[in-house]
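Protein sequence lines correspond, in order, to chains A and B. With positions in the first sequence counted from 1, the corresponding number in the working numbering is that position plus 357. With positions in the second sequence counted from 1, the corresponding number in the working numbering is that position plus 200. The beta carbon of each residue, even a glycine, is placed where N, CA and C say it ideally should be. Below is one structure; the comments refer to it alone.
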Amino acid sequence: SQQGEEDPQALSIQEGENATMNCSYKTSINNLQWYRQNSGRGLVHLILIRSNEREKHSGRLRVTLDTSKKSSSLLITASRAADTASYFCATDYFGNEKLTFGTGTRLTIIP
Amino acid sequence: EAQVTQNPRYLITVTGKKLTVTCSQNMNHEYMSWYRQDPGLGLRQIYYSMNVEVTDKGDVPEGYKVSRKEKRNFPLILESPSPNQTSLYFCASSLWPTNSPLHFGNGTRLTVT
């Protein structure tokens, strides 16, 4: 099934640095969401961005959406050890009432 | 506290022994869904429900059943579990299926031997 693909699959950075992860998708979307998952736990919603929006912020998180490139990026600024987690994008498409998840980016923050 | 509650957290069973994983939400959400998560495959939807008595298949429904008799509860039933159903399972709920945040339970790690 169509889904977003996150890039990179894994990312390790020093605490305090910024982390950027990307999501590419195949078909025009209605909405794109980002979720965080701490090891083996349930996913937690971070940000929802609609197809007519280009950028959204929430605290240290910044999400951009480029519909011409069919891609989104999640930026975490001033990373902390607690940001260590897997991050997933999820998309939905016009006429398809289903949210489809990518396989995630595993982010490790090194203290 | 708004939450989705899944039980049990861990479950080890044998092939063929029927089991039920319960899911309950206290947010009066219309939409509920079950996912399984396997390494390298991400989250795949098993079944979903748009409202009471309304359920539909997701991407990987084979070997599973669900019911939605009450708005708050959405149990997942494995009538005859097999080893390929060993996985991490998540229940989730939201106001709408796509343009509102999904709230996830903490997961059920199922092992079928």
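query	result
Since T421/A and R411/A should fall inside the 8 Å C-beta cutoff, what is the C-beta to C-beta distance between them, to a whole number of angstroms?	6 Å
Please identify, using Cβ separations under 8 Å, the residues of the region 261 to 276 of chain B that lie next to chain A, in order along the chain.	none
Does any residue of chain A have a CB that is nearer than 7 Å to the CB of L243/B?	yes
Please report how far the alpha carbon of S358/A lies from the alpha carbon of S381/A, in whole angstroms.	A caution first: S358/A carries a pLDDT of 48, below 50, which makes its placement in the model unreliable, though a value can still be read off. Cα-Cα distance, rounded: 14 Å.
Let me make sure I understand the geometry here. Which of T465/A, E454/A, Y444/A has the alpha-carbon closest to that of L400/A?	Y444/A
Reducing DSSP to helix, strand and coil, say where Q203/B ends up.	coil
What is the DSSP secondary structure of N251/B, reduced to helix, strand or coil?	strand
According to DSSP, is A439/A part of a helix, a strand, or is it coil?	helix
Under a Cβ-count criterion, where at least 16 other Cβ atoms within 10 Å of its own Cβ denotes burial, should L403/A be classed as buried or exposed?	buried
Where does P208/B land, buried or exposed, given buried means 16+ other C-beta within 10 angstroms?	exposed
What are the complete beta strand (DSSP E) segments, minimum 3 residues, inside the region 215 to 267 of chain B?	219 to 225, 231 to 238, 242 to 251, 254 to 257
Name the chain B residues that come within less than 8 Å of G397/A, Cβ to Cβ?	L288, G307, R309
Under 7 Å between C-beta atoms, does L400/A make it to chain B?	yes
Quick one: Cα of W296/B to Cα of R437/A, how far?	32 Å
Quick check on DSSP: helix, strand or coil for N306/B?	coil
To which residues of the same chain is G216/B closer than 6 Å at the C-beta, ignoring the five residues directly before and after it?	S280
Between E372/A and the rest of its own chain, which residues show a CB-CB distance below 7 Å, the 5 nearest in sequence each way excluded?	S436, R437, A438, I466, I467, P468
Report the neighbours of N299/B on chain A: residues whose CB is nearer than 8 Å to its CB, in chain order.	N387, N388, L405, R407, D449
Which of the three DSSP states is assigned to N388/A in this structure?	strand
Can you tell me whether M227/B is buried or exposed, with buried defined as 16 or more other CB within 10 angstroms of its CB?	exposed
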